[in-house]
Every structure is written in C-alpha cells, then in structure tokens.
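Chains as they are written, first to last, in the working numbering: chain A, 1 to 191; chain B, 192 to 690; chain C, 691 to 788. Every residue gets a Cβ at the ideal spot worked out from N, C-alpha and C, and that includes glycine. Notes for the one structure printed next.
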Amino acid sequence: MASNVTVTTVIFYVFAVWAVGSALLCITRSNALASALWLVSTMFALAAIFVILQAQFIAAIQVLVYAGAVMVLFLFVIMLLNLEDVPHDWKRWPAWVVGVGLAAVLGTTLVTLHSYTPARLAREVSTMPSPVDPRLVFPEGNALAVATATQGAVGSVAQPLFQGYLIPFEVTSVLLLAAVVGAVVLAKKKL
Amino acid sequence: MPIDLSSPGGATLALLPELVLTFWALVVLMYVAWHHRDGHDMRTAGGLSIVGYIFAAAATAWLAWRGARPEGLSFMIALDGFRFASDALLLWIAAAVAILSVRWLIRQGILAPEYYPMLMLATVGMMLLAGAADLITLFLGLEVMSISVYVLAGFDRTRRASAEAALKYFLIGAFASGFLLYGIALTYGATGQFNFDLIGAQFAATPPTLMAKLGMGLILVGFAFKIAAVPFHAWAPDVYEGAPTPITAFMASGVKAAAFLALVRVLAEVFPALVDLWRPVIFGLAAITILVGNLTALSQTSMKRMLAYSAIAHAGYLLLAVWAHSDEGTAAVLIYLLAYSVTIVAAFGILASIERAGARTVRLTDLEGLFSVRPFASIGLSICMLSLLGFPGTFGFIGKWYLLSAALRAGQTTLPVIAMVGSAISIGYYLPVVLAMTLKPARTRQAHQTIRFPRPARIAVGICVFAILLLGVWPNTVLNFATQTAVQLRQSELPIGPR
Amino acid sequence: MLLGPSLALSAVLFVLGVAGVLIRRNAIVVFMCVELMLNAVNLTFIALAQLHGVSGQIMVFFVMTVAAAEAAVGLAIILAIFRHTQSVDLTHINLLRG
Numbered sequence: 001m002a003s004n005v006t007v008t009t010v011i012f013y014v015f016a017v018w019a020v021g022s023a024l025l026c027i028t029r030s031n032a033l034a035s036a037l038w039l040v041s042t043m044f045a046l047a048a049i050f051v052i053l054q055a056q057f058i059a060a061i062q063v064l065v066y067a068g069a070v071m072v073l074f075l076f077v078i079m080l081l082n083l084e085d086v087p088h089d090w091k092r093w094p095a096w097v098v099g100v101g102l103a104a105v106l107g108t109t110l111v112t113l114h115s116y117t118p119a120r121l122a123r124e125v126s127t128m129p130s131p132v133d134p135r136l137v138f139p140e141g142n143a144l145a146v147a148t149a150t151q152g153a154v155g156s157v158a159q160p161l162f163q164g165y166l167i168p169f170e171v172t173s174v175l176l177l178a179a180v181v182g183a184v185v186l187a188k189k190k191l
Numbered sequence: 192m193p194i195d196l197s198s199p200g201g202a203t204l205a206l207l208p209e210l211v212l213t214f215w216a217l218v219v220l221m222y223v224a225w226h227h228r229d230g231h232d233m234r235t236a237g238g239l240s241i242v243g244y245i246f247a248a249a250a251t252a253w254l255a256w257r258g259a260r261p262e263g264l265s266f267m268i269a270l271d272g273f274r275f276a277s278d279a280l281l282l283w284i285a286a287a288v289a290i291l292s293v294r295w296l297i298r299q300g301i302l303a304p305e306y307y308p309m310l311m312l313a314t315v316g317m318m319l320l321a322g323a324a325d326l327i328t329l330f331l332g333l334e335v336m337s338i339s340v341y342v343l344a345g346f347d348r349t350r351r352a353s354a355e356a357a358l359k360y361f362l363i364g365a366f367a368s369g370f371l372l373y374g375i376a377l378t379y380g381a382t383g384q385f386n387f388d389l390i391g392a393q394f395a396a397t398p399p400t401l402m403a404k405l406g407m408g409l410i411l412v413g414f415a416f417k418i419a420a421v422p423f424h425a426w427a428p429d430v431y432e433g434a435p436t437p438i439t440a441f442m443a444s445g446v447k448a449a450a451f452l453a454l455v456r457v458l459a460e461v462f463p464a465l466v467d468l469w470r471p472v473i474f475g476l477a478a479i480t481i482l483v484g485n486l487t488a489l490s491q492t493s494m495k496r497m498l499a500y501s502a503i504a505h506a507g508y509l510l511l512a513v514w515a516h517s518d519e520g521t522a523a524v525l526i527y528l529l530a531y532s533v534t535i536v537a538a539f540g541i542l543a544s545i546e547r548a549g550a551r552t553v554r555l556t557d558l559e560g561l562f563s564v565r566p567f568a569s570i571g572l573s574i575c576m577l578s579l580l581g582f583p584g585t586f587g588f589i590g591k592w593y594l595l596s597a598a599l600r601a602g603q604t605t606l607p608v609i610a611m612v613g614s615a616i617s618i619g620y621y622l623p624v625v626l627a628m629t630l631k632p633a634r635t636r637q638a639h640q641t642i643r644f645p646r647p648a649r650i651a652v653g654i655c656v657f658a659i660l661l662l663g664v665w666p667n668t669v670l671n672f673a674t675q676t677a678v679q680l681r682q683s684e685l686p687i688g689p690r
Numbered sequence: 691m692l693l694g695p696s697l698a699l700s701a702v703l704f705v706l707g708v709a710g711v712l713i714r715r716n717a718i719v720v721f722m723c724v725e726l727m728l729n730a731v732n733l734t735f736i737a738l739a740q741l742h743g744v745s746g747q748i749m750v751f752f753v754m755t756v757a758a759a760e761a762a763v764g765l766a767i768i769l770a771i772f773r774h775t776q777s778v779d780l781t782h783i784n785l786l787r788g
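Structure representation (structure tokens):
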C-alpha cells in the first residue's frame with residue numbers, strides 16, 4: 001500500500017509540473033496559436049490529475065469537451081483571423097511589473113491552502129475539539145467511492161445530476177440558449 | 192402555501208416567474224425568427240416582450256399573494272418576500288428598458304429584434320441571481336445574466352465603441368466570474384455544502400477557518416467587480432459609454448440591482464457568522480468608492496460617462512446599507528435600488544431622445560438652452576439630477592435618508608459622513624446639468640431640433656418622473672412594503688446543527 | 691488523497707491565469723487565460739469532491755457548460771471587434787483604466 005501511494009504521488013507531481021510548465025508557456029508565448037496549444041497541454045495534464053483524484057468521468061469530459069471542442073473553437077478563430085505573431089512590447093514593462101506583482105500577492109495568499117490535509121479539513125468542519133477520523137466526518141466522500149465502484153464513474157455522477165441538481169441543469173439550457181442566440185447575433189454579417 | 196422545493200412539481204411552482212419569462216422569451220424568439228425585417232417587426236417584438244414581463248410579474252404577484260414559502264429547506268431557489276420584491280424590481284426595470292428601446296433602436300438603425308429575447312433572458316438570469324438559495328444557482332444565474340448583457344452591450348454592431356464595450360465588459364466579466372467561482376469552491380470546501388442556509392449553519396457553529404476566509408474574500412472580489420466598486424470599477428465608464436443607451440440604463444440599474452440583491456442575500460444567509468471579517472472590507476470599499484466615483488465624475492464632459500461615474504458613487508452609497516447588515520439595511524437597499532432605477536431609467540430615457548442618429552454621445556454643452564425648446568424634457572432631466580443628488584422632496588432623498596439611518600443605527604458614523612461629503616461633491620456635477628439647460632442659451636438656432644421623443648418613451652419617462660416626485664413626498668407604502676419583505680430575509684434560518 | 695498539493699496546484703494555475711490576464715494584450719490570449727483560471731478552479735472542486743461527495747464534481751459540469759457558453763459569445767465578440775479594427779490588440783482598449 002505504501003509503495004502504491006508513493007507511485008500515485010510521483011505521477012501526480014509529474015503531471016503537476018507538466019501543468020504548471022504548460023501554463024507558464026501558455027501565458028508567455030507571443031504567438032496566440034502556441035499559447036492555445038500549450039493551454040490544451042495544460043488541460044491534458046489536468047485531466048490526468050482528475051483521474052488520480054477519482055474523477056474519471058470528469059477527466060474524460062475534460063479531454064472531450066474542454067481540450068477538444070472549446071479549444072478547437074479557439075484555434076478555429078485564431079486561424080480564421082490569421083493573427084500575426086506580435087512580439088512582446090518590452091516598453092510596457094511597468095504593466096508587467098504590476099501584473100506579476102498583483103498575481104504574486106494573490107498567489108502567496110492562496111498557496112497557503114497547501115497546508116490542508118483531510119484530517120485538518122475534518123477537524124475544521126466538525127465541532128469536535130480532538131483529532132477526528134476523516135472517514136467519519138466525510139461520509140459522502142466515502143459514498144462517492146462506493147458509488148463509483150458499484151454504479152460506475154458515469155452513474156455516480158448522473159444520478160444526483162438529474163435528481164438533486166435538476167434546477168441548475170435546466171438553467172444551463174437557458175444559458176446555452178442565450179449563448180447561441182447571442183453568438184449568432186454578434187457574429188453574423190447580415191441579420 | 193408551503194412548497195416542497197425538492198420535488199419537481201414544487202420546483203416548477205417556485206420557479207414560475209422565471210419559467211413564464213423563459214417561455215415567453217422563446218415565443219418572442221420564434222416570432223423574430225420569421226419576422227426580422229423592418230421597424231414594424233421590431234415594434235411587435237418589443238410589445239410582445241413587454242407582455243412577457245407583465246405575465247412574469249403576475250406570476251410573482253401570485254406567489255407572493257399565496258404566501259409561498261419553502262417546506263423544509265430552501266432548496267436551490269429562495270421563496271421569501273425578498274425574492275418576490277427583487278423579482279418585481281428587476282421586471283419593472285426590464286420592462287421600462289424595453290419601452291425605451293422600442294423607437295430608439297429603429298431610429299438608430301439597429302434592426303435586429305433578437306434584442307428583446309436577449310433582454311428577457313438577461314432578466315431571467317438576474318432573477319435567478321437575486322433569488323438564488325444555492326451557490327450553483329447563483330453562479331448560473333450570474334452567467335445567464337452576464338452572457339446576455341455582453342451581447343446586448345455589443346448589439347450596436349456598426350459602431351466600434353459598442354464592440355469595444357462588449358469586449359471589455361466580457362473580458363472583465365469573465366475574469367470576475369473566475370474569482371467568484373474560486374470563492375464558491377473554497378466556501379464549498381470549508382463546509383461541504385452549496386446551499387445558503389446549510390453553509391450559514393455550518394459557519395455559525397465553527398470558528399472561521401482559513402479556507403472560509405479566503406472563499407469569502409474571493410466571493411467579495413467577484414461581487415465588487417459586478418457592482419463596479421473601486422478599485423474594481425475601471426471597466427464601467429467605457430462600457431457604459433460604448434453600449435447602446437437603453438442598455439446602459441439596463442446595466443446601471445438592473446444588473447447593478449441584481450448584483451446588490453444577491454450580495455445582500457449572500458452576506459445575510461451565507462456569511463452572517465463572519466460579519467466581523469467582511470464589515471471592514473465593505474467599509475473600505477464603500478469609502479473609496481464614494482470618494483473616487485464622485486471626484487472623477489466632476490471632470491467628465493460626456494453625460495453617459497458622468498452618469499457612469501455617478502453610478503459608481505451610488506454603488507458606494509448602497510454599500511453603506513450592506514455594511515449595516517440589519518433589516519433596516521436590507522429595506523434601505525430595496526428602497527434605494529427602486530429610487531435609483533426609477534431615476535436612471537428616466538434620465539437615460541431623456542438622454543436617448545436627445546441623441547441624434549449616428550452621433551451617440553450627449554455632451555454637457557449639447558444640453559445648453561434645452562429649457563427654451565423642450566421645457567418638459569429639461570424639467571424631467573432636472574428632477575432626475577436632483578433625485579440622484581438626494582435633494583429633499585425627491586425619491587432619491589428618501590432612499591439616501593434610509594441608507595444613512597440604517598448605517599447610523601448599526602453604529603457606523605464615519606461612512607455616513609463620507610457619504611455626505613460625497614453628496615456635497617456631487618452637487619458639482621449634477622447642478623451644472625440643470626444650469627446648462629435653463630440658464631445658458633442654445634448654441635445655434637437649429638439646436639435641439641433633432642430631438643425625437645416618441646410616445647412610449649414619453650409615457651414611461653413621465654411615469655418615472657411622476658413617481659420620483661410622488662414617492663419623494665409620500666413614500667410610506669413603499670417603505671412599509673420594503674420593511675416587511677426585508678424582515679422575511681432573515682426568517683429563513685433553519686435550526687440545522689453542524690455535523 | 692493529495693488534498694493539499696491539489697489545492698496548491700490549483701492556486702498556482704489560477705494565479706498564472708490572473709497574471710496572464712493582467713499582462714497580455716491579445717484579446718484571445720487574455721480569454722484563454724480566463725479559461726485557465728476556470729480550469730484551476732475545477733481542480734479545486736475535484737480535489738474537494740473526494741471528501742465532500744459528488745456535488746463538487748457536478749459543479750465542474752456546470753462550470754464546463756459556462757465555459758463553453760462564454761467561449762461561444764466571447765469569440766463572437768472578438769470576431770465583431772476584428773471587423774472594426776482588423777486586430778485583437780487590447781492596447782487601445784485599456785482594461786485597467788477607466
């Protein structure tokens with residue numbers, strides 16, 4: 001078991017470094033097409049991490065919908081517009097300093113979340129003073145693992161999606177309707 | 192009438208106003224799919240959409256009349272007086288904007304009747320945002336609203352300014368959604384819940400944790416962008432100036448109102464236990480927003496830009512009532528939003544009529560001598576300016592009075608003083624408008640000959656101006672109503688223990 | 691479980707997205723950085739769903755829907771502005787100045 005955990009951890013960190021490296025390249029490449037492809041690479045790495053975090057179905061959707069459909073739309077528009085490679089304008093360095101500075105402040109604040117372990121979260125959401133067993137505090141998390149084993153990765157997500165989360169699900173239909181009508185109105189040359 | 196929100200039938204009943212409006216948006220969409228040629232089709236689509244707002248308002252009134260309340264947990268969507276009042280407010284704003292748009296769009300040559308279904312879908316999103324009882328519904332409502340308003344801001348496709356406004360609004364809006372979503376994720380992490388009441392109960396039972404604090408902070412940043420509070424306001428002036436004028440009115444009143452109503456609900460139901468943490472944040476935002484908004488408005492020459500900065504300042508005033516975190520504060524938010532929306536709709540309605548086809552900025556100098564040519568329009572605009580200023584005898588004064596008294600009663604004296612200083616500064620940009628119209632002569636003899644004030648807009652603006660004056664001296668009905676609904680917001684707390 | 695590392699990775703990716711939005715001038719790249727932020731938040735949801743149950747994973751579905759809808763409208767807006775200016779450069783549309 002111990003060696004198993006280590007292997008998973010190592011794989012996690014490999015993909016984590018991959019994701020961060022791709023993201024860095026995505027935000028620094030001067031060519032929009034290169035940025036888009038590095039973003040796809042980040043999304044692939046994230047999909048792999050989703051599998052490690054027991055979200056197999058989401059991982060598949062991530063690759064199919066996000067890295068597939070949405071990013072293809074981006075690439076399509078970039079190629080349609082035939083954008084030229086605009087080199088970075090280093091005269092704008094004050095903006096870079098401000099941007100990186102703000103991001104660094106935000107980052108140092110948010111990275112403190114690193115200190116969270118299941119035990120700590122369990123202690124915080126329960127009112128019990130002493131260290132508690134995470135498995136007792138998070139019955140739903142265990143139920144998810146059981147449901148994935150019995151109903152499959154799709155069933156464990158689909159069941160609650162179409163029962164408890166029916167209202168938000170229906171709202172997404174309104175959202176997509178608004179997006180479709182809006183995209184046509186804005187992009188069509190002649191209405 | 193208790194409604195079980197977890198059953199499909201109960202959910203349908205509880206969402207009746209939104210469903211009616213969505214259905215009617217589809218009806219209008221079907222109509223415009225075949226009729227989108229000329230002004231006649233535009234007028235019909237506009238008229239149809241107004242019927243939809245009336246139906247949705249009737250559904251809201253029916254729910255309120257039957258005393259709909261949740262049976263057990265308030266699941267996904269809230270059922271209380273505050274939601275019904277929010278819905279009524281948002282529906283009236285949308286209907287008024289539709290009325291103002293009818294002739295304006297035709298005159299400006301924007302012959303795309305898809306405008307009206309988009310406006311209806313934006314309203315559905317606003318209603319969901321303001322009525323959400325769950326972070327998922329909140330987020331989706333916000334996105335339905337935002338996506339529709341991005342499109343509406345860029346609706347005037349032949350103009351570059353409109354497209355730039357849409358792009359700027361879109362990028363900043365999506366950026367802000369990212370922050371809000373991260374906040375939602377961390378709030379979910381800290382409690383394991385998305386439901387407002389359950390999260391509130393969890394926070395009440397446990398001391399604030401790192402994750403909860405970060406989540407709340409990020410949610411506040413997301414909202415600060417949406418309400419255009421300084422220093423998250425930079426998008427507002429350009430977007431307000433570039434968007435079609437009726438849509439500017441819609442953004443300044445409707446979108447802002449929906450975001451504020453949701454903020455009030457979130458702070459009252461999700462984060463009441465963390466009040467000592469968020470109050471200083473709201474304090475800082477309110478103070479800097481009032482001062483920066485008013486001071487920057489002084490140097491504007493374009494009317495739309497001036498009203499954009501004044502809208503920022505008004506968001507600062509509203510934050511006073513949010514700071515108060517009391518029933519009086521909630522009632523004050525409702526009253527102020529009503530007063531502000533009535534005034535803004537009237538002001539933009541008059542400005543839209545003054546705009547010439549083609550050149551779509553009204554400068555302060557364009558208003559000179561308006562009184563001698565168009566006395567009623569200039570009197571109406573003057574009343575709007577006085578109401579925005581908070582002049583006694585107008586509805587704006589009543590709204591501001593309640594904001595200040597709510598903050599004072601909650602034990603805050605610094606912010607009311609800042610708000611008074613801000614109001615004093617605002618004389619410096621509201622009064623010149625009145626003076627330019629009345630005292631200065633028109634620049635040329637042909638000035639103001641191009642003003643077209645179509646009858647629907649004239650009626651809508653007339654009603655608004657009348658309401659400003661009437662409610663300014665006789666506000667009791669509205670006050671009582673707002674106070675009653677505000678109390679209901681806090682009654683939805685359930686005796687739910689932590690794990 | 692890997693809760694802490696996942697949350698930290700999510701934070702790093704989110705901040706990279708924020709930095710990208712603040713420093714880049716190409717509208718499409720800025721929009722891609724927003725997508726990166728949304729992806730980072732999805733990782734937080736997934737990591738927390740291990741403990742809190744399936745609701746976190748369901749939220750990711752909705753976020754993906756929203757991202758797809760935003761992509762459709764956002765790219766349409768970018769196309770519309772390209773028709774006017776023949777570029778997607780944000781230098782003259784200063785995002786951080788009023």
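- Within the DSSP bridge table, the entry for Asn716/C names Asp779/C as partners.
- Between Ser353/B and Gly413/B, the C-beta spacing is not below 8 angstroms.
- Less than 8 angstroms divides the Cβ of Val669/B from the Cβ of Leu529/B.
- Between the alpha carbons of Gln62/A and Glu170/A lies a gap of roughly 21 angstroms.
- Around the C-beta of Arg257/B, fewer than 16 other C-beta atoms lie within 10 Å, and the residue is accordingly described as exposed.
- Within the same chain, Phe704, Gly707 and Val708 come within 7 angstroms of Met727/C by CB-CB distance, once the 5 residues on both sides are set aside.
- Between Ile338/B and Ala23/A, the CB-CB gap reaches or exceeds 8 angstroms.
- If you ignore the 5 residues before and after Gly345/B, its C-beta comes within less than 6 angstroms of the C-beta of Ser353, Ala354 and Ala357, all in its own chain and listed in chain order.
- Listed by position along chain C, the residues whose Cβ is nearer than 8 angstroms to that of Phe44/A form an empty set, because the closest Cβ is around 11 angstroms away.
- Beta-bridge analysis with DSSP links Ala464/B to no other residue.
- The residues Ile194 and Asp195, in chain order, have a CB closer than 7 angstroms to that of Gly201/B in the same chain once the five nearest residues on each side in sequence are set aside.
- Counting only runs of 4+ residues, the alpha helix (DSSP H) found wholly inside the stretch 21-79 of chain A occupies 32-52 and 56-61, in chain order.
- In the DSSP assignment, Lys188/A falls outside any alpha helix (DSSP H), carrying neither H nor E.
- Minimum Cα-Cα distance from Leu692/C among the listed residues Ala119/A, Gln163/A and Val72/A corresponds to Ala119/A.
- Close partners of Ile338/B in chain C (Cβ separation under 8 angstroms): Ala759, Glu760 and Val763.
- Put simply, the CB of Thr117/A is near chain C, with a gap under 8 angstroms to one of its CB atoms.
- At a cut-off of 8 angstroms between beta-carbon atoms, Tyr165/A makes contact with chain B.
- Beta bridge pairing from DSSP links Ile526/B with no other residue.
- Listed in chain order, the non-local C-beta contacts of Trp38/A below 7 angstroms within the same chain comprise Ser22, Leu25, Cys26 and Arg29, local neighbours out to five positions each way being set aside.
- Residues of the stretch 332-358 of chain B that bring their beta carbon within less than 8 angstroms of a beta carbon in chain A comprise Gly332, Glu334, Val335, Ile338, Ser339, Tyr341, Val342, Gly345, Phe346, Arg348 and Ala357, in sequence order.
- The Cβ atoms of Ala67/A and Met43/A sit closer than 8 angstroms to each other.
- Within the stretch 7-27 of chain A, the residues whose Cβ lies closer than 8 angstroms to some Cβ of chain C are Thr8, Thr9, Phe12, Tyr13, Ala16, Ala19, Val20, Ala23, Leu24, Cys26 and Ile27, listed in chain order.
- Residues Pro208, Thr251 and Met318 of the same chain have their beta carbon placed closer than 6 angstroms to that of Asp278/B, with the five preceding and five following residues left out of the count.
- Per DSSP, the beta-bridge partners of Ile268/B are Ala323/B.
- Bounds of the alpha helix (DSSP H) holding Gln151/A are Pro139 to Leu161.
- Think of a sphere of 9 angstroms around the beta carbon of Thr775/C: no beta carbon from chain A falls inside it, the nearest being about 11 angstroms out.
- Between the alpha carbons of Gly230/B and Ser240/B lies a distance of about 15 angstroms.
- In this structure, Ala448/B lies near Ser532/B, with their beta-carbon atoms less than 8 angstroms apart.
- Taking every protein chain shown into account, the CB of Met749/C has 16 or more other CB atoms within 10 angstroms, so this residue is buried.
- A contact is defined here as three or more CB-CB pairs under 8 angstroms, and the stretch 531-546 of chain B fails this definition with respect to the stretch 475-493 of chain B.
- Of all residues in the stretch 217-243 of chain B, none has a C-beta nearer than 8 angstroms to a C-beta of chain C.
- The beta carbon of Leu401/B does not come within 8 angstroms of any beta carbon belonging to chain C, so the residue lies off that interface.
- Within the same chain, and ignoring the five residues on either side of Gly590/B in sequence, the residues whose Cβ sits closer than 7 angstroms to its Cβ are Ile526, Tyr527, Ala530 and Tyr531.
- Neighbourhood of Leu703/C in chain A, by CB distance below 9 angstroms: Ala19, Val20, Ala23, Thr42 and Leu46, in chain order.
- Residues of chain B with a Cβ closer than 7 angstroms to the Cβ of Met727/C are, in chain order, Gly369.
- The residue from Leu738/C, Arg714/C and Val756/C with its alpha-carbon nearest to that of Asp779/C is Arg714/C.
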